[in-house]
Structure formats: C-alpha cells, structure tokens
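**Student:** Below: one structure in structure tokens.
In full-length UniProt numbering, the protein residues as written are 1 to 142.
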C-alpha cells in the first residue's frame, strides 16, 4: 500500500515540476519580447521568481525524493535498461532546470538578451522529455 501512495505523490510532484518547466520559458518569451515595457517586465519578473521558487524547486525536490523512495521500494527496476535511459533523461531535465535558473538570474539582472523565438524553441525540451519518459515507464522497452 505504501508503494501506491508514494507513486501517487511522485506523479503529482512530477506533473507540478513539469508545469513549471513548461510555463517558465513561456514567461521568458513574454519577458524577452517586452524588454522596453518596464512595468510589464517588473510584473513578469515577480511571476518568474515565484513560479521557480515556490512551485518549480519544491516540486523538483519532491519528485526526486519520491523517485528515490520508489526505487527503495522496488529495487528490481534498477536492473532494467529503461530505468537507466530514464536516469539519462532526468539528468537532462535537471540540467534544463538549472539553465532556467541561470536565465532567471540573467533576466533579474537585466542581462539576458535571448530572443522570444529562442525561448519558444527552448520550451520544447520538456515536451520531448515527458514523451520519452512516458514511453519508457509504460512500455519498458528494454
């Protein structure tokens, strides 16, 4: 029974983390495209900070903790190649999360000059990750 509750918590935490990974780059699009509108930029900066610090970071920690807990409860998963592939995608998502933080700091300090077009494309990374993770977890292809 513990396993199911931890799994539910993991899925909810992951969905919350992904929500931040999807939405924060969208805020960066708006931020980058309206740099000349200082009032708007100040509001977007607040939204970016709150989204990252109060949703994204806690959801990331909860996802990692519950994921490790699931592995403790089901250690046979570590023998599957699908789990090793999932670890690779998780590592890429962690790097992506960190890169979003670097952009957050750059925008905060008014030194990020990437285009809205760049952030639109960059926003596709979590979409690809969630597709591959879902395939790996459901199908366990190897």
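All residues carry an ideal CB built from backbone N, CA and C; glycine is no exception.
Bear in mind the structure is a predicted one, so any value in this text is a computation, not a measurement.
Alpha carbons only, please: which of 125, 124 and 118 is nearest the one belonging to residue 33?
**Tutor:** Cα-wise, what sits closest to residue 33 is 118.
**Student:** Please go through the same chain and pick out, in chain order, the residues whose beta-carbon is closer than 7 angstroms to the beta-carbon of residue 82, but skip the five residues on each side of it.
**Tutor:** Result list for residue 82: 136, 140, 141 and 142, in chain order.
**Student:** Looking at the unbroken alpha helix (DSSP H) that takes in residue 34, where does it start and where does it end?
**Tutor:** Unbroken run through residue 34: none, as it is neither H nor E.
**Student:** What would DSSP say about residue 102, mapped onto helix, strand or coil?
**Tutor:** helix
**Student:** Quick one: what does DSSP say residue 124 is sitting in, helix, strand or coil?
**Tutor:** coil
**Student:** Should the region 35-46 be regarded as contacting the region 90-101, the criterion being three or more beta carbon pairs within less than 8 angstroms?
**Tutor:** no
**Student:** Comparing alpha-carbon positions, which option in 22, 2 and 15 lies nearest residue 124?
**Tutor:** Checked all of 22, 2 and 15; the closest Cα to residue 124 is 22.
**Student:** Ordered along the chain, which non-local residues of its own chain (more than five positions away) have a Cβ less than 7 angstroms from that of residue 69?
**Tutor:** Short of 7 angstroms from the beta carbon of residue 69, and not among the five residues preceding or following it, lie these beta carbons of its own chain, in chain order: 6.
**Student:** For a test of the three-state rule: what should DSSP assign to residue 74, helix, strand or coil?
**Tutor:** coil
**Student:** Is it the case that the Cβ atoms of residue 13 and residue 66 are separated by a distance below 7 angstroms?
**Tutor:** yes
**Student:** At the level of alpha carbons, what is the spacing between residue 11 and residue 63?
**Tutor:** 8 angstroms
**Student:** Under 8 angstroms by Cβ, that's how I've got residue 17 and residue 56 pegged, so tell me the actual separation to the nearest angstrom.
**Tutor:** 6 angstroms
**Student:** Work out the CA separation of residue 51 and residue 35 for me, nearest whole Å.
**Tutor:** 20 angstroms
**Student:** Do residue 108 and residue 29 have their beta-carbon atoms positioned less than 7 angstroms apart in this structure?
**Tutor:** No; because the gap between Cβ atoms is not below 7 angstroms, this pair is not in contact.
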